[in-house]
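In this note's numbering, the protein residues as written are -13 to 167. Ideal Cβ placement from N, Cα and C applies to all residues, glycine included. Take a look at the structure below.
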Ligand code: XMP
Ligand code: MG
């Protein structure tokens, strides 16, 4: 385990098993359909690549990416959402499945889901690896959730603190002394 982590919340094996289950569910729900997977950079990319590969060949899948910011480099939300990098292609008339690492206050996803609806997507759903409902400020419906977690600051499997730890293959809990709120 990384020295800055105080515990492992989900091991590589647990993540793999849960992501495969989500993939089976998504494969069944979108069978015979086309769907654009919209990955929210950068935190979602590890989950995104594993989830995408667990969706079977009976679904037509394409990839696009968006980058939003509601956080600085710290652990608290500023509440303001900015699009830093937009999608490459139009989602008008398409089924969209947003893939996100974690829903925390809900600020980012609330904004993003509304924004994609406004672009005329045929449907917009959300897959989030982690959900921290205790911290919710804005209403967000999570259609596919990996794990519901308490209010821990977590790292690894794409999740960072100040851009570190994204490469760790497990989800760990960051030691409190690593950040001051
Ligand atoms: P909101 O508050 O808009 O936040 O739902 C979503 C974004 O905040 C980041 N976030 C975290 N990142 N560990 C992280 O590494 C955490 O525990 C955590 N909680 C929120 C994340 O980027 C997410 O997309
Ligand atoms: Mg994120």
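- The stretch 7 to 15 makes no contact with the stretch 63 to 81: fewer than 3 CB pairs, one atom from each, lie closer than 8 Å.
- In the three-state DSSP reduction, residue 36 falls in the helix class (H, G or I).
- With a threshold of 7 Å, the Cβ atom of residue 87 counts as near ligand 1, since some heavy atom of the ligand is closer than that.
- Taking every protein chain shown into account, the CB of residue 144 has 16 or more other CB atoms within 10 angstroms, so this residue is buried.
- Classified as exposed, residue 39 has fewer than 16 neighbouring CB atoms from the shown chains inside 10 Å of its CB.
- Classified as buried, residue 96 has 16 or more neighbouring CB atoms from the shown chains inside 10 Å of its CB.
- In the DSSP assignment, residue -1 falls within the unbroken alpha helix (DSSP H) covering -2 to 15.
- Rounded to whole angstroms, the separation of the alpha carbons of residue 156 and residue 115 is 12 Å.
- Taking a 10 Å sphere around the C-beta of residue 162, we find fewer than 16 other C-beta atoms and assign the residue as exposed.
- It is roughly 29 Å from the alpha-carbon of residue 125 to the alpha-carbon of residue -3.
- In chain order, 116 place their CB closer than 6 Å to the CB of residue 88, counting only its own chain and leaving out the 5 sequence neighbours on each side.
- Distance between residue 147 and residue -5, taken at the CA atoms: about 16 Å.
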